[in-house]
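> To start, I am sharing the structure in question, which I have written as structure tokens.
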Amino acid sequence: MPLPGRPPTPDDTIGTRDLTSWHTRFGRWLVAMTTRTVQWSSAHLAFVVFAAIAILVMVGLVEGIESVYESVAENRSLAAIDQPVLDAAVHLRSPGLDSAVTAFTDVGGPVGMPILAAAAVALVTWRRRRWTPVVLAVVAAAGSIAMTIVGKDFVDRARPPAALAVPPLEISPSFPSGHTLNATVLTTVVAYLVLIQTTATWQRVVSITVATVFVVAMGLSRVFLGHHWLTDVVAGWLIGLAWALVVITAHRLWLTLRQHREAMAEAVTP
Numbered sequence: 113m114p115l116p117g118r119p120p121t122p123d124d125t126i127g128t129r130d131l132t133s134w135h136t137r138f139g140r141w142l143v144a145m146t147t148r149t150v151q152w153s154s155a156h157l158a159f160v161v162f163a164a165i166a167i168l169v170m171v172g173l174v175e176g177i178e179s180v181y182e183s184v185a186e187n188r189s190l191a192a193i194d195q196p197v198l199d200a201a202v203h204l205r206s207p208g209l210d211s212a213v214t215a216f217t218d219v220g221g222p223v224g225m226p227i228l229a230a231a232a233v234a235l236v237t238w239r240r241r242r243w244t245p246v247v248l249a250v251v252a253a254a255g256s257i258a259m260t261i262v263g264k265d266f267v268d269r270a271r272p273p274a275a276l277a278v279p280p281l282e283i284s285p286s287f288p289s290g291h292t293l294n295a296t297v298l299t300t301v302v303a304y305l306v307l308i309q310t311t312a313t314w315q316r317v318v319s320i321t322v323a324t325v326f327v328v329a330m331g332l333s334r335v336f337l338g339h340h341w342l343t344d345v346v347a348g349w350l351i352g353l354a355w356a357l358v359v360i361t362a363h364r365l366w367l368t369l370r371q372h373r374e375a376m377a378e379a380v381t382p
């Protein structure tokens, strides 16, 4: 459902896909709902739309955390494979491989991941000459950190036994995996920004592939080193992807409303 007015700018597209065109029934409803209140100040509108989406997702995430926690506590479903997967990882270890995986997992840590994401966002910001990438990255990171803290405090799950972990050991609660959640959120948002920036198909394919491999490898590295159970990592992937999609959807709404306002302005201009 593209809006009338000027054609989409490069900032509004990924390849030939117009980010202000909504093809699902829910998307069209979301645009219609927010458009009806477009006469309100843009700051208020952006806040309400984003807050509404974020609240809905957070409620869903809390319900998901409760379900996974029950599975962990009762050793049902996915949680039943935690110990076998960890045992398999222990048998694959060697001094050289342990060191290599430790070096890689540090990239997704509280120091490495912010530096890596900041460098990527700075490059995209410099090329686009706009502050939008910085805003999206900051919002994404803030939500990711908040959900990591809330999740760990809510579940308070113990990490795998220290005897089965590769030093240095970590002492914070295990669920969800903060490395995995934060890497998923920031990598997904950075990949989205790169997709908007690039025009060649091969560049978009490489961006998606690299982002996917990095996120999957980061999560698996936590299990390999014995720092997290598999369920901690799966939760990090799911929660991180959900939050990244919220941020991306909020950005698409902003683009759509901006285009709508410009179309209205052109319509009334004599």
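The opening position of the sequence shown corresponds to residue 113 in the working numbering, with each subsequent residue numbered one higher.
The beta-carbon is built from N, C-alpha and C at its ideal position, and this holds for glycine as well.
How far does the alpha helix (DSSP H) with T310 in it extend, from its first residue to its last?
Premise fails: T310 is in no alpha helix (DSSP H) and is neither H nor E.
> If we call anything under 9 Å between Cβ atoms a contact, is L198 one with V335?
In this structure, V335 lies closer than 9 Å to L198 by Cβ.
> Would T260 pass as a contact of N294 if the rule is Cβ separation under 9 Å?
In this structure, N294 lies closer than 9 Å to T260 by Cβ.
> Just to confirm before moving on: does the CB-CB distance between T217 and L365 stay below 9 Å?
Against a cut-off of 9 Å, the Cβ pair of L365 and T217 comes out as no contact.
> If distances are taken between C-alpha atoms only, which option among T343, A258 and T299 comes closest to R269?
Residue T343 is the option with its Cα nearest to R269.
> Can you name the start and end residues of the alpha helix (DSSP H) that G338 belongs to?
It is not in any alpha helix (DSSP H) - G338 carries neither H nor E in the DSSP assignment.
> Which residue or residues does DSSP assign as beta-bridge partners of D130?
In DSSP, D130 forms a bridge with T125.
> I want to know whether the region 249-257 touches the region 351-368 - three or more CB-CB distances under 8 Å.
Result yes; three or more Cβ-Cβ pairs closer than 8 Å.
> Pull up the CB-CB distance for M330 and G263, whole angstroms please, since I reckon it's below 8 Å.
So it is not a contact: roughly 17 Å between Cβ atoms.
> F217 lies in the alpha helix (DSSP H); which residues open and close that run?
Rather than Phe, the amino acid found at residue 217 in this sequence is Thr. Its alpha helix (DSSP H) spans residues P207 to V219.
> Report buried or exposed for F287, applying the criterion of at least 16 other Cβ atoms within 10 angstroms of its Cβ.
It counts as buried.
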